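Structure first, then comments.
Residue numbers (the working numbering), protein chains in the order written: chain H, 28 to 588; chain U, 4 to 172.
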């Protein structure tokens with residue numbers, strides 16, 4: 028058996044069923060071994076599509092996503108996706124080929140220092156230089172990727188290692204003396220957290236992406252205590268978005284109720300989130316009345332990194348939430364809830380109807396038509412925020428977007444990965460015309476797989492979020508954000524790939540279009556030509572705080588639109 | 004505030020690059036970094052001097068702990084021994100000067116490791132302040148070259164950086 032076959036066998040032993048990838052010179056021995064393997068391979072059209080698909084697969088399934096690429100350009104095309112997976116704590120293993128060891132360091136054809144380059148964008152990486160180390164390296168990679176705070180791990184295999192004769196053993200023990208994640212939160216700290224909650228008058232429960240696997244426990248905790256729940260962008264779906272105790276997401280484009288609740292809260296219980304600046308705004312003005320911040324996170328480095336924590340609990344969200352449930356009591360929050368209800372009722376997510384088709388109503392129509400029974404992905408930009416605002420996520424792992432890195436172009440590959448992870452689900456990719464064009468070559472992958480993915484392009488002819496900032500903060504100087512004059516006919520483009528394409532321009536046709544998209548089996552693309560100057564509101568300007576929130580579009584208020 | 008931090012690491016390829024990269028990337032102010040093998044096979048020990056308040060130090064330690072090869076991190080706020088090694092080449096104009104610098108060296112317990120017609124190399128070990136003072140004392144005579152290592156440190160008494168027990172998976 029050669030090294031390449033050993034790589035495949037070790038992957039099979041990890042339970043890998045699916046690899047996304049693109050072959051090339053230095054990874055060819057492994058592709059050759061793949062020919063005889065039971066592992067399914069999905070050929071993407073660009074490595075970036077491959078890693079995003081692996082990330083989507085991981086996020087939708089909770090399992091490790093695997094991507095494979097060749098050396099140099101192939102491996103470098105993984106960089107953005109690795110950082111995306113790192114920022115959003117997604118378990119991904121990337122396998123790359125490299126030039127043979129005798130050529131390393133000689134500027135050989137398609138050589139790059141992949142381990143050096145990917146060090147800052149992975150949880151861990153290594154180059155496997157001895158063929159007999161393969162099983163141990165792969166076992167370590169999967170262990171590191173999927174345990175503790177999940178993240179991407181890259182393994183680089185020089186071509187000669189793939190070709191060398193393997194004489195080692197597959198019976199390996201993962202021995203990482205420096206890596207011992209803490210799952211069980213400290214009992215005394217959990218006790219203190221419960222005491223603090225018992226005394227709180229205006230508490231909030233914030234949940235993030237790190238709590239996606241703890242949905243049942245978090246929901247039980249919220250229902251038992253009566254706490255208002257604020258899921259972050261990454262935490263949407265952890266607690267049902269349609270439940271009256273859900274205040275919606277906080278932050279830059281969050282709900283008034285969520286942001287005011289944090290602004291006036293005296294106690295914050297935060298589980299599995301990292302207080303991103305898009306959530307906190309200006310940190311010195313974040314939650315000024317919260318005398319108690321309880322922060323539950325499996326990564327000790329997140330605790331106290333940005334927000335001063337009074338009760339730190341290092342542990343797994345699921346384990347800690349279950350412990351909190353055990354000791355939790357119904358809290359008397361009637362006065363607090365009266366205030367929260369007022370904000371919720373007075374300032375729901377809403378839009379001003381216009382004579383043109385609007386992104387918000389398209390999303391709402393799909394939510395209503397599917398009753399929320401879908402796995403939803405998005406690109407990055409205004410459409411992403413509109414989905415987060417108007418598609419109410421009731422189940423965990425059903426909202427897959429790029430939170431931390433804000434990677435344009437993830438929508439379609441995320442959808443492909445999610446559809447393969449959950450073949451029984453309807454998958455909808457709400458995309459922007461800007462975002463979609465960054466990875467649209469993956470239409471070919473989608474066509475080949477014939478997955479039940481509905482692509483809805485909210486096409487406003489602009490890089491909408493940049494345009495919105497230019498509108499508000501740069502004197503309406505729309506520098507390099509106009510796309511409409513050169514956008515393709517997206518429906519025709521889909522047709523070119525053999526995927527049915529529809530165009531929607533008229534508000535009155537919305538319901539028919541939604542029906543047509545959902546009735547069509549397999550992939551469909553809907554090009555929804557939406558109002559070109561919509562803004563996402565509420566909005567907290569970058570560097571501002573909750574009290575700086577702009578609730579309505581000031582442009583429209585002035586114009587009396 | 005200056006902190007001396009000791010880090011026990013697995014001696015794997017690229018580990019030093021990983022640590023230096025992590026600290027640089029996160030904007031921590033590193034004054035010095037010294038690394039060497041230990042008596043344990045496969046383990047190296049790093050001494051770092053960082054400046055910053057307690058919050059900075061806490062993040063340095065927490066971020067270092069996230070690295071897979073890092074086994075143990077500790078800052079030496081307890082009584083500890085700290086040493087730096089310096090090689091200092093001083094220019095010598097005449098006999099009188101030669102005598103003077105020798106007196107200075109004696110006061111600092113520096114050793115002469117090379118003597119030439121117009122220069123002397125001294126070797127000095129000590130904490131950072133002592134090395135600084137020695138260099139300043141010799142500066143008026145004309146410093147030709149100064150080479151100093153980063154600070155290395157160790158807790159006094161029986162307290163040691165230990166490897167945690169192995170766990171099979």
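Note that the Cβ used here is the ideal one computed from N, Cα and C, for glycine as well. Remember, it's a predicted structure, so these values are computed and weren't measured experimentally.
Inset, instruction - Mind listing, in chain order, the continuous alpha helix (DSSP H) runs of no fewer than 4 residues lying wholly within the region 53-126 of chain U? - result: 57-69, 98-111
Legend entry - Cβ-based neighbour list, residue 39 of chain H, same chain, cut-off 8 Å, excluding 5 preceding and 5 following: As a working note, residue 39 of chain H is residue 12 in the first chain. Within the same chain, residue 39 of chain H has close Cβ partners 64, 65, 66.
Inset, instruction - Can you pull the chain U residues whose beta carbon is under 7 Å from the beta carbon of residue 142 of chain H, in chain order? - result: To locate residue 142 of chain H, count along the first chain from 1; it is residue 115. Those within 7 Å of residue 142 of chain H in chain U are 17.
Legend entry - Exposed unless 16 or more other CB atoms sit within 10 angstroms - verdict on residue 91 of chain U: Working through the second chain from its first residue, we reach residue 91 of chain U at position 88. It is buried - the Cβ of residue 91 of chain U has at least 16 other Cβ atoms within 10 Å.
Inset, instruction - Kindly list the residues whose CB is nearer than 7 Å to the CB of residue 284 of chain H, restricted to its own chain and excluding five residues on each side of it in sequence; keep chain order. - result: As a first step, residue 284 of chain H must be located in the first chain, where it is residue number 257. Here the set comprises 274, 275, 367, 370, 371, 374.
Legend entry - residue 66 of chain U at chain H interface by Cβ criterion, 7 Å: Indexing the second chain from 1 puts residue 66 of chain U at position 63. It does; some Cβ of chain H falls within 7 Å.
Legend entry - Proximity winner among U:76, U:52, U:5, U:53, relative to residue 166 of chain U (alpha-carbon distances): Within the second chain, numbered from 1, the residue matching residue 166 of chain U stands at position 163. Answer by Cα proximity: U:76.
Inset, instruction - Answer with yes or no whether the minimum CB distance from residue 48 of chain U to chain H is below 7 Å. - result: As a first step, residue 48 of chain U is located in the second chain; it is residue number 45 there, counting from the start. It does not: the Cβ of residue 48 of chain U has no partner Cβ on chain H nearer than 7 Å.
Inset, instruction - Please classify residue 211 of chain H: does DSSP put it in a helix, a strand, or coil? - result: If you number the first chain from 1, residue 211 of chain H lands on position 184. In the structure shown, residue 211 of chain H sits in coil (DSSP, three-state: anything other than H, G, I, E or B).
Inset, instruction - With distances taken Cα to Cα, identify the nearest neighbour of residue 51 of chain U among U:145, U:10, U:112, U:147. - result: Position 48 of the second chain, counting from 1, holds the residue named residue 51 of chain U. Of the listed residues, the one whose Cα sits closest to residue 51 of chain U is U:10.
Legend entry - Neighbour-count burial assignment, residue 236 of chain H, 16 or more Cβ in a 10 Å radius: On the first chain, position 209 is the one that residue 236 of chain H refers to. Classification for residue 236 of chain H: buried.
Inset, instruction - Could you check what DSSP says for residue 158 of chain U in three-state terms: helix, strand or coil? - result: On the second chain, position 155 is the one that residue 158 of chain U refers to. Here residue 158 of chain U sits in strand by DSSP.
Legend entry - Same chain, Cβ closer than 6 Å to residue 521 of chain H, neighbours up to 5 away in sequence not counted: Numbered from 1 along the first chain, position 494 holds the residue referred to as residue 521 of chain H. Here the set comprises 528, 552.
Legend entry - Rounded straight-line distance, which links the Cα of residue 580 of chain H to that of residue 567 of chain H: Position 540 of the first chain, counted from the start, is the residue given in the question as residue 567 of chain H. Position 553 of the first chain, counted from the start, is the residue given in the question as residue 580 of chain H. Spanning the two alpha carbons is a distance of roughly 12 Å.
Inset, instruction - Would you mind sorting residue 258 of chain H into buried or exposed? The rule is 16 or more other CB atoms within 10 Å of its CB. - result: Taking the first chain and counting its residues from 1, the one referred to as residue 258 of chain H is at position 231. By the neighbour-count rule (16 or more Cβ atoms within 10 Å), residue 258 of chain H is buried.
Inset, instruction - Assign residue 238 of chain H to one of two classes, buried (16 or more other C-beta atoms within 10 Å of its C-beta) or exposed (fewer than that). - result: Working through the first chain from its first residue, we reach residue 238 of chain H at position 211. Residue 238 of chain H should be labelled buried.
Legend entry - Selection of the region 194-209 of chain H by Cβ proximity to chain U, strictly under 8 Å: 200, 201, 202, 203, 204, 205, 206, 207
Inset, instruction - Starting from residue 183 of chain H, trace the beta strand (DSSP E) both ways and give me its first and last residue. - result: Mapped onto the first chain, residue 183 of chain H falls at position 156. Residue 183 of chain H -> beta strand (DSSP E) spans 179-185.
Legend entry - Proximity below 7 Å, CB of residue 53 of chain U to CB of residue 63 of chain U: Your numbering for residue 53 of chain U matches position 50 in the second chain. Your numbering for residue 63 of chain U matches position 60 in the second chain. Closer than 7 Å, so yes.
Inset, instruction - Could you check which residue in U:139, U:31, U:46, U:160 has the C-alpha nearest to that of residue 56 of chain U? - result: Counted from its first residue, the second chain places residue 56 of chain U at position 53. For the residues U:139, U:31, U:46, U:160, the minimum Cα distance to residue 56 of chain U belongs to U:31.
Inset, instruction - Keeping to the same chain, check which residues put their C-beta closer than 6 Å to that of residue 481 of chain H; ignore five residues upstream and five downstream. - result: Start at 1 with the first residue of the first chain, and residue 481 of chain H comes out as number 454. So the list reads 455, 544, 551, once near-sequence residues are dropped.
Inset, instruction - Out of H:269, H:487, H:577, H:497, point me to the one whose CA is closest to residue 556 of chain H's CA. - result: As a working mapping, residue 556 of chain H is identified with position 529 in the first chain. Ranking H:269, H:487, H:577, H:497 by Cα distance to residue 556 of chain H puts H:487 first.
Inset, instruction - Have a look at the DSSP bridge pairing and note the partners of residue 555 of chain H. - result: In the first chain, counting from the first residue as 1, residue 555 of chain H sits at position 528. DSSP lists H:485, H:531 as partners of residue 555 of chain H.
Inset, instruction - Would you kindly check if the distance between the Cβ of residue 386 of chain H and the Cβ of residue 485 of chain H is under 7 Å? - result: To locate residue 485 of chain H, count along the first chain from 1; it is residue 458. To locate residue 386 of chain H, count along the first chain from 1; it is residue 359. Their beta carbons are under 7 Å apart, which means residue 485 of chain H touches residue 386 of chain H by this criterion.
Legend entry - Contacts around residue 94 of chain H, its chain only, beta-carbon distance under 8 Å, and the 5 residues preceding and following it disregarded: Locating residue 94 of chain H in the first chain gives position 67, where the first residue counts as 1. If we look at residue 94 of chain H and ignore the five residues flanking it on each side, its Cβ neighbours are 46, 47, 48, 74, 77, 78, 80, 81, 105, 108, 119, 120, 121, 122.
Inset, instruction - Out of H:383, H:421, H:439, point me to the one whose CA is closest to residue 407 of chain H's CA. - result: Working through the first chain from its first residue, we reach residue 407 of chain H at position 380. Here the closest residue by C-alpha is H:439.
Legend entry - Interface positions of the region 14-44 of chain U facing chain H (Cβ-Cβ less than 9 Å), listed along the chain: 15, 16, 17, 20, 21, 24, 25, 28
Inset, instruction - Report the neighbours of residue 151 of chain H on chain U: residues whose CB is nearer than 7 Å to its CB, in chain order. - result: Here residue 151 of chain H refers to the residue found at position 124 when the first chain is read from its first residue. Simply 71.
Legend entry - residue 162 of chain U burial status per 10 Å Cβ neighbour count (16 or more: buried): Counting from one through the second chain, the residue named residue 162 of chain U turns up at place 159. Residue 162 of chain U should be labelled exposed.
Legend entry - Cβ-based burial, residue 28 of chain H [other Cβ within 10 Å; buried from 16]: Translated into positions along the first chain, residue 28 of chain H becomes position 1. The residue in question, residue 28 of chain H, is exposed, as its Cβ has fewer than 16 Cβ neighbours within 10 Å.
Inset, instruction - Would you tell me roughly how many angstroms separate the C-alpha atoms of residue 590 of chain H and residue 278 of chain H, rounded to the nearest one? - result: Lying before the first or after the last residue shown, residue 590 of chain H is absent from chain H, which here runs from 28 to 588.
Legend entry - Selected residue, minimal CA-CA separation from residue 554 of chain H, among H:403, H:532, H:571, H:185: Position 527 of the first chain, counted from the start, is the residue given in the question as residue 554 of chain H. Here the closest residue by C-alpha is H:532.
Legend entry - DSSP three-state assignment for residue 114 of chain H, whether helix, strand or coil: As a position in the first chain, residue 114 of chain H is number 87, starting the count at 1. Reduced to three states, the DSSP call for residue 114 of chain H is helix.
Legend entry - Per DSSP, cross-strand counterpart(s) of residue 150 of chain U: Here residue 150 of chain U corresponds to residue number 147 of the second chain, with the count starting at 1. Beta-bridge pairing links residue 150 of chain U to U:90.
Legend entry - Collapsed DSSP secondary structure at residue 298 of chain H in the structure displayed: To locate residue 298 of chain H, count along the first chain from 1; it is residue 271. Note: residue 298 of chain H maps to strand in three-state DSSP.
Inset, instruction - With distances taken Cα to Cα, identify the nearest neighbour of residue 463 of chain H among H:441, H:413, H:448. - result: Against the first chain, residue 463 of chain H aligns to sequence position 436. Ranking H:441, H:413, H:448 by Cα distance to residue 463 of chain H puts H:441 first.
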